[in-house]
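Asks: Each step along the sequence shown adds one to the number in our numbering, with nothing skipped, and position 122 is 1494.
The beta-carbon is built from N, C-alpha and C at its ideal position, and this holds for glycine as well.
In this text the structure is predicted, and so the values were computed from the model without any measurement.
First the structure, then my questions, so here it is.
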Amino acid sequence: MSWSSIKENTTLAMATLLAHKFRAVLTIMGVFIGVLVIVSVAAVLNGFRQTVVDNTEGFGTRNVYLWRYPFIQTGKLPPEVLNRKPLTIDDARAIQDDVSAAEYVHAGLLYNMPMPGQFPPPPPEAKYRDHSMGRARLIGGFPVSEIVLNVPVKEGRYFSDSENEHRAKVCVLAFNVVEALFPSEDPIGKTITVAGQEFTVVGTVEKQRAGPFGSENQEDNNIVIPYWTFHKMYPTLEDHFIVVRMREGRMKEGKEQIEQVLRRRRNVPLRADDNFEMGTADSFISAFDDIIGGVFVVMIFISSIAFVVGGVGVMNIMLVAVTERTREIGIRKAVGAKRSDIIWQFLIEAVTLTGAGGVGGLIVGKGFAMAVTAIIPSLTMEIPYWAGAVGFLGSLTVGVVFGMWPAVKAARLDPIAALRYE
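In structure tokens form, the structure reads like this:
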């Protein structure tokens, strides 16, 4: 088919659509919604993923995280997992001594650690004079956590090894705690009450990145006290989390060494699975990508339904158009138009119709992404190129598939019978 014929058929298709604007808009709504769902959901998930990547990598790409339970839990855990024994401070010491690839090792305890199948205890209340905070996270840790967890000090300092060994009543406050307890004064050197005990504030840390969709980052609610001070307050709490900072370029080797050390210490049989969990920034992001993949499958299913509904509407309206323009088709055939010319005319009209719906979905989706980003600056929503391409090409495909039957029906009309049609 020549370029001039394509241009002529496109012009005819556009003229027909413009002559029936309202009908065209109603017809393409299904396609419009299908494309809008694809690009909007893709933009949301893309922004959500970027937030997860930034927050995860913010702690350090060389970190290995250890806990007895899976970090991401999507269902009820089996008894053999629920009955795993906690990681201990001695496990952390063994890793420090026996894992040559480990640069730093940090072990910590969280007062209200969420446990599978259990409600965590209410967070301890933090008070300073007339100000209080009821959602603080009390953590017992070592001075090395400043490096391992990448929490730069904003004011003051971190507590020392000596303060940890002597169970000093000192603390380091995260951003939200400072805002709640010290809205208008310097917290350094002040004494606050946490869980009924007094602590001297020796430092504060920088505000962390916002959570998904601009939500509060729980790290900003932390009150960190020396590990042995925490242990003295809560001697029965023993569910440790361990974070290991690997030496540059030794991540794979270090993970293998950690696995060997913990399997030996926890008496894991030779061919049995690990009875602990090991995570890295890459593994967390990969697990999140698997979840996103499931959401995308649902998204494609919903969009496909919208495309089918829109396609049926396009087919019906094109069949009506064939009936309305029977005499026009007869005239075109009488003056020499080929069957292929008629097919192309109606196919281009159908594709133009669905393509317009696709473009509309892309424009509205882009506007939605820009609006959300303006409202929640921490959530940068960008429509991935592949999502835009899938949405637009999908809309064109709907036009071809559902426009083919009306186009073929128009091409098969007998020119003499068509000219007699009233």
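(1) Secondary structure at G1575, three-state DSSP: helix, strand or coil?
(2) Enumerate in chain order the residues of its own chain whose CB-to-CB distance from F1431 is below 6 Å, with the five nearest sequence positions on each side excluded.
(3) Have a look at F1673 and S1412 and give me their C-alpha separation to the nearest angstrom.
(4) Excluding sequence positions up to five away, which residues of its chain have a Cβ less than 7 Å from the Cβ of V1425?
(5) Using CA coordinates, which residue listed in I1467, L1482 and L1545 is at the minimum distance from E1475?
(6) May I have the straight-line CA-CA distance separating T1433 from R1617, to the nearest angstrom?
(7) List the whole-angstrom C-beta distance separating Y1483 from F1554, where the pair is believed to meet the contact cut-off of C-beta under 8 Å.
(8) Quick one: Cα of K1781 to Cα of V1416, how far?
(9) Suppose only complete runs of 3+ residues qualify. What are the beta strand (DSSP E) ranges in the region 1500 to 1587, listed by chain order?
(10) List the whole-angstrom C-beta distance separating G1561 from T1572, where the pair is believed to meet the contact cut-off of C-beta under 8 Å.
(11) Going by the DSSP bridge assignment, what does V1596 pair with across the sheet?
(12) When you compare only the Cα positions, how much space is there between D1661 and R1421?
(13) Between the Cα of V1731 and the Cα atoms of F1764, A1722 and D1713, which residue gives the shortest distance?
(14) Just curious, the alpha helix (DSSP H) that L1725 is in, first and last residue?
(15) Would a C-beta distance cut-off of 8 Å place G1834 and F1679 closer than the cut-off?
(16) Count the other C-beta atoms from every protein chain shown that fall within 10 angstroms of the C-beta of S1767, then say buried if there are 16 or more, exposed otherwise.
(17) State the Cα-Cα distance for the pair R1622 and D1469, rounded to the nearest angstrom.
(18) If you check the beta carbons only, do V1550 and V1686 fall under 8 Å apart?
(19) Output the distance between the C-alpha atoms of F1547 and N1593, rounded to the nearest integer angstrom.
(20) Ends of the alpha helix (DSSP H) at F1613?
(21) If I follow the unbroken beta strand (DSSP E) through V1477, where does it start and stop?
(22) Between the Cα of S1556 and the Cα atoms of D1502, F1602, F1443 and K1541, which residue gives the shortest distance?
(23) May I ask you to list the residues that DSSP assigns as paired with M1605?
Replies: Answer, in terms of the structure:
(1) Along the sequence shown, one-based indexing puts residue 1575 at 203. Residue state, collapsed to three classes: strand.
(2) By 1-based counting over the sequence shown, the position of residue 1431 is 59. Cβ within range, chain order: L1521 and N1522.
(3) Numbered from 1 along the sequence shown, position 301 holds the residue referred to as residue 1673. Numbered from 1 along the sequence shown, position 40 holds the residue referred to as residue 1412. Near 15 Å, if we compare the C-alpha coordinates of S1412 and F1673.
(4) Counting from 1 along the sequence shown, the entry for residue 1425 is found at position 53. Answer for V1425: I1657, listed in chain order.
(5) One-based indexing of the sequence shown puts residue 1475 at position 103. That would be I1467, whose Cα lies nearest to the Cα of E1475.
(6) Taking the first residue of the sequence shown as position 1, residue 1433 is located at position 61. Taking the first residue of the sequence shown as position 1, residue 1617 is located at position 245. C-alpha separation (whole angstroms): 9 Å.
(7) On the sequence shown, position 111 is the one that residue 1483 refers to. On the sequence shown, position 182 is the one that residue 1554 refers to. Wrong, their Cβ atoms sit about 21 Å apart, outside the cutoff.
(8) Numbered from its first residue, the sequence shown carries residue 1781 at position 409. Numbered from its first residue, the sequence shown carries residue 1416 at position 44. C-alpha separation (whole angstroms): 42 Å.
(9) 1503 to 1505, 1509 to 1513, 1525 to 1528, 1542 to 1545, 1563 to 1566 and 1569 to 1577
(10) Reading the sequence shown from its first residue, position 189 is the one you call residue 1561. Reading the sequence shown from its first residue, position 200 is the one you call residue 1572. That belief holds up - the Cβ atoms of G1561 and T1572 are roughly 7 Å apart, short of 8 Å.
(11) What you label residue 1596 is simply residue 224 of the sequence shown in a count that begins at 1. Answer is I1511 and V1544.
(12) Counting from 1 along the sequence shown, the entry for residue 1661 is found at position 289. Counting from 1 along the sequence shown, the entry for residue 1421 is found at position 49. So the alpha carbons of these two residues sit roughly 8 Å apart.
(13) In the sequence shown, the residue the question calls residue 1731 occupies position 359. Per the Cα distances, F1764.
(14) Locating residue 1725 in the sequence shown gives position 353, where the first residue counts as 1. It spans R1711 to I1747 - the alpha helix (DSSP H) in which L1725 sits, taken as one unbroken run.
(15) No answer is possible for residue 1834: it lies beyond the span of the chain, which begins at 1373 and ends at 1794.
(16) Position 395 of the sequence shown holds residue 1767. With 16 or more other Cβ atoms within 10 Å, it is buried.
(17) By one-based count along the sequence shown, residue 1622 stands at place 250. By one-based count along the sequence shown, residue 1469 stands at place 97. Straight-line Cα distance between these residues: approximately 16 Å.
(18) Position 178 of the sequence shown holds residue 1550. Position 314 of the sequence shown holds residue 1686. No.
(19) Residue numbering aside, residue 1547 sits at position 175 when the sequence shown is read from its first letter. Residue numbering aside, residue 1593 sits at position 221 when the sequence shown is read from its first letter. Distance between the alpha carbons of F1547 and N1593: 7 Å.
(20) Position 241 of the sequence shown, counted from the first residue, corresponds to residue 1613. Counting along the chain, F1613 falls outside any alpha helix (DSSP H), though it belongs to the beta strand (DSSP E) covering F1613 to M1618.
(21) Taking the sequence shown and counting its residues from 1, one reaches residue 1477 at position 105. First-last of the beta strand (DSSP E) with V1477: A1474 to L1482.
(22) Residue 1556 sits at position 184 when you count from the first residue of the sequence shown. With distances taken between Cα atoms, S1556 lies closest to D1502.
(23) Translated into positions along the sequence shown, residue 1605 becomes position 233. According to DSSP, M1605 bridges with nothing at all.
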